[in-house]
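Asks:
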Amino acid sequence: MAQKTLLKGRVLSFTGSPFEGEPTDAVEFSEAVVVEGGHIAAVGDADTLRSAHPDAQVVDHGQHVIMAGFVDAHVHYPQTAMIASWGKRLIDWLNTYTFPEEMKFGDPTYAAEIANRYLDLTAAHGTTTMCSFCTIHPESVDAFFAAAQARNQRVVAGKTCMDRNAPEGLRDTAKTAYDQSEVLLEKWHRVDRLTYAITPRFSPTSTPEQLEAMGALWAEHPHCLMQTHLSEQTDEIAWVRELFPEARDYLDTYEKFGLLGSHGVYGHVIHLEARERDRLREVDAALIHCPTSNTFIGSGLFDMTGLMHDGHRVGLATDTGGGSSFSMLHTMASAYEIGQLRGAPLHAAQLLWLGTVGSARSLRLDDRIGNIALGMEADLVVLDLASTPAIAQREACADDIWEAIFPTIMMGDDRAIAEVWIGGAAVA
Ligand code: GUN
Ligand code: ZN
């Protein structure tokens with residue numbers, strides 16, 4: 000029989016969206032959760048669950064919050080080693096720091112080393128699923144999926160395709176991008192907990208022929224996600240206009256090649272025009288907010304309130320290594336600050352929802368991960384709300400649970416992560 004564990008603590012589940020109505024009404028706290036065979040077998044009152052599951056091993060987390068593991072909806076695992084590189088804006092940052100580092104991933108040993116380093120770091124920060132860009136090298140995709148598979152971890156990833164405006168050694172072609180992506184997709188998609196995302200980097204680094212080939216591949220595999228970047232910096236948008244003079248706007252450079260759809264996942268989406276917003280909403284595409292990256296690279300302020308009000312599907316992400324942290328707590332803090340700069344502070348319940356359910360919805364995985372509920376996969380994080388003296392002294396005078404949680408969002412890091420469960424096993 001599968002090992003059964005009963006975890007006691009302050010178990011946080013979402014029963015609805017905290018962006019509709021009173022944010023706290025969307026949250027329910029329970030006393031315990033039972034994990035069995037990689038799934039959540041029960042949630043509820045501790046004594047009742049104890050009687051119903053007398054064979055379960057009991058782990059008492061006291062006042063710690065037990066919630067779904069964080070879901071990071073847009074990352075570049077190959078940028079792990081060059082995170083926090085100084086002083087550039089997007090295009091110069093790519094050319095100066097990113098492309099030279101990504102060049103190294105043709106070496107499978109290096110790719111495996113960074114994939115494992117990245118998954119170790121993110122697990123320590125409470126992130127249990129991420130959607131990652133790899134590099135143009137198939138070796139980088141194999142390394143990431145193999146590392147995740149060995150950990151029984153749910154991840155989404157794909158080969159980053161580029162056939163122009165990138166250095167020699169970091170370019171494929173329309174045909175090799177299609178062929179290699181297809182081989183990788185067939186090798187990894189829906190194997191164990193892995194899913195493949197078709198991944199054109201962004202319009203400036205793909206010829207129209209390559210975008211067309213990616214669109215054709217997606218049409219043949221519509222159940223796959225398609226991830227890319229959209230409207231991150233104003234200089235980038237001006238460059239897209241020069242490269243695609245016929246296009247109505249940036250989104251049109253994807254749309255006209257079949258790269259707009261419900262399973263599209265678009266990173267950054269800051270400087271959107273009205274037509275782009277409407278089209279993204281119409282097709283129910285996912286928009287990913289990358290707040291630490293958007294401030295670090297100097298990109299701009301995402302319109303969370305407006306986009307949520309209009310009914311967009313929104314997720315949250317670190318954008319490692321354009322983002323300046325591996326921590327989804329830090330990312331939530333940054334989203335809060337950007338909300339403040341736009342005159343709309345986000346509630347702690349909204350921040351936690353974005354980093355779990357919101358991101359899982361964006362990746363079309365919310366029926367499996369991102370929440371604590373019966374039958375969901377057991378990817379969990381246990382949060383210590385008093386992990387440092389600075390946080391503890393603020394938490395000690397909190398009037399309610401939300402005031403107790405918020406200092407950990409604003410000031411917490413990997414020290415706040417008391418325990419992490421991936422696929423029903425405690426890993427960190
Ligand atoms: N746009 C195209 N590539 C990238 C990347 O690697 N990081 C970020 N932040 N934006 C991009
Ligand atoms: Zn990115």
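In numbering that gives the first Met the number 0, the protein residues as written are 0 to 427.
From the three backbone atoms N, C-alpha and C, an ideal C-beta is built for every residue, glycine too.
This one's a predicted model, so the numbers in the text were calculated from it and none came from an experiment.
Determine the closest residue to Q209 out of L259, L379, C160, with distance taken between C-alpha atoms.
Replies: Closest by alpha carbon: C160.
Asks: Do T4 and F69 come within 8 Å of each other at the CB atom, strictly closer than that value?
Replies: Not closer than 8 Å, so no.
Asks: Going straight from the alpha carbon of W168 to that of T387, what length do you get?
Replies: According to the sequence displayed, residue 168 carries Gly and not Trp. About 46 Å.
Asks: Just verifying my parser: in three-state terms, what is the DSSP assignment at R341?
Replies: Coil.
Asks: Once you ignore the five residues that flank A428 on each side, which residues in its own chain have a CB closer than 6 Å to its CB?
Replies: Outside the displayed span of the chain (0 to 427) sits residue 428, for which this structure offers no information.
Asks: Just to confirm, does H288 get its C-beta within under 7 Å of one of the non-hydrogen atoms of the ligand ZN?
Replies: Result no, Cβ not under 7 Å from the ligand ZN.
Asks: Confirm the yes/no value for this check: CB of F201, any heavy atom of the ligand GUN, distance under 7 Å.
Replies: Because some heavy atom of the ligand GUN lies under 7 Å away, the Cβ of F201 counts as near it: yes.
Asks: Quick one: Cα of I113 to Cα of L48, how far?
Replies: Rounded to the nearest angstrom, the two C-alpha atoms are 41 Å apart.
Asks: Is the Cβ-Cβ distance between H262 and G299 less than 8 Å?
Replies: No, the pair does not count as a contact, with Cβ atoms beyond the cut-off.
Asks: Assuming S230 contacts V268 (C-beta within less than 8 Å), just tell me the rounded distance between them.
Replies: Between V268 and S230 the Cβ distance is about 5 Å, and since that is below 8 Å, they are a contact.
Asks: My understanding is that G15 touches A25, with C-beta atoms under 8 Å, so please give their C-beta distance in whole angstroms.
Replies: Going by Cβ atoms, the distance from G15 to A25 rounds to 4 Å, so yes, they are a contact pair.
Asks: At a cut of 8 Å, does the region 330-344 reach the region 408-417 through at least three beta carbon pairs?
Replies: They touch, by the three-pair rule.
Asks: Identify which residue in T252, I296, G320, D365 has its Cα closest to the Cα of V313.
Replies: The residue with the shortest Cα to Cα distance from V313 is D365.
Asks: Look at the alpha carbon of A415 and the alpha carbon of E376, and state the distance between them as a whole number of angstroms.
Replies: Each residue's alpha carbon lies about 22 Å from the other.
Asks: Determine the burial state of F143: buried for a count of at least 16 other Cβ atoms within 10 Å of its Cβ, exposed for fewer.
Replies: F143 is buried by the Cβ-count criterion.
Asks: Quick check: does the Cβ of T428 come within less than 7 Å of any heavy atom belonging to the ligand GUN?
Replies: A query on residue 428 cannot be resolved here, the shown segment of the chain reaching from 0 to 427 and no further.
Asks: Does the beta-carbon of Q226 have 16 or more other beta-carbons within 10 angstroms, so that it is buried, or is it exposed?
Replies: Buried is the call here.
Asks: Which residue spans inside the region 90-167 form an unbroken alpha helix (DSSP H) run of at least 4?
Replies: The qualifying runs are 98-101, 107-123, 137-149.
Asks: Output yes or no for whether 8 Å exceeds the beta carbon distance between F170 and I421.
Replies: In the sequence as presented, Phe is not what sits at residue 170; that position holds Arg. Cβ atoms of R170 and I421: not closer than 8 Å.
Asks: Does the distance from the CB of I87 to the CB of Y96 come in under 8 Å?
Replies: First, the residue type needs correcting, since residue 87 is Lys and not Ile in the sequence shown. Cβ atoms of K87 and Y96: closer than 8 Å.
Asks: On a Cα-Cα basis, can you pick out the residue from F98, L89, P137, A123 that is closest to I110?
Replies: It is Ala, not Ile, that sits at residue 110 in the sequence shown. Nearest of F98, L89, P137, A123 to A110, Cα basis: P137.
Asks: Quick test of your reading: D383 and A123, contact by CB under 8 Å. State the CB separation rounded to the nearest angstrom.
Replies: Not really, about 13 Å apart at Cβ, beyond 8 Å.
Asks: Measuring only the C-alpha atoms, how far is A165 from F98?
Replies: Distance between the alpha carbons of A165 and F98 is about 8 Å.
Asks: Quick check: what's the CA-CA separation for A424 versus I371?
Replies: Rounded to whole angstroms, A424 to I371 spans 15 Å at the Cα level.
Asks: Whole beta strand (DSSP E) runs in the region 266-325 with 3 or more residues, listed along the chain?
Replies: Those beta strand (DSSP E) runs which fall completely within the region 266-325 and span 3+ residues are 285-288, 312-315.
Asks: From this set, Q349, G297, R163, which residue's C-alpha is nearest W85's C-alpha?
Replies: For W85, the nearest C-alpha among the options comes from G297.
Asks: Looking only at its chain, what residues have a beta carbon closer than 6 Å to the beta carbon of E272, apart from the 5 residues adjacent to it on each side?
Replies: Contacts found: D248.
Asks: Which residues mark the beginning and the end of the beta strand (DSSP E) in which Y249 is found?
Replies: That residue, Y249, is in no beta strand (DSSP E); its alpha helix (DSSP H) goes 249-254.
Asks: Is F69 near the ligand ZN, with its Cβ less than 7 Å from a heavy atom?
Replies: Not so, every heavy atom of the ligand ZN lies at least 7 Å from the Cβ.
Asks: For Q179, collect the residues of the same chain with a Cβ closer than 8 Å to its Cβ; drop the 5 residues on either side in sequence, then sort them by chain order.
Replies: Excluding sequence neighbours, Q179 sits near P137, K158, D171.
Asks: Going by DSSP in three states, R9 sits in which element: helix, strand or coil?
Replies: Residue state, collapsed to three classes: strand.
Asks: Identify which residue in Q232, L216, E100, M307 has its Cα closest to the Cα of I135.
Replies: If we check each option's Cα against that of I135, E100 comes out closest.
Asks: Can we count M132 as close to the ligand ZN, meaning its CB is less than 7 Å from some heavy atom?
Replies: It is Phe, not Met, that sits at residue 132 in the sequence shown. For the ligand ZN, at least one heavy atom lies less than 7 Å from the Cβ of F132.
Asks: Does the separation of the CB atoms of G266 and A316 fall below 8 Å?
Replies: Taking 8 Å as the Cβ cut-off, G266 and A316 qualify as a contacting pair.
Asks: Could you give the C-beta distance for F256 and E211, rounded to a whole number, given that I count them as a contact under 8 Å?
Replies: Sure, about 5 Å apart at Cβ, within 8 Å.
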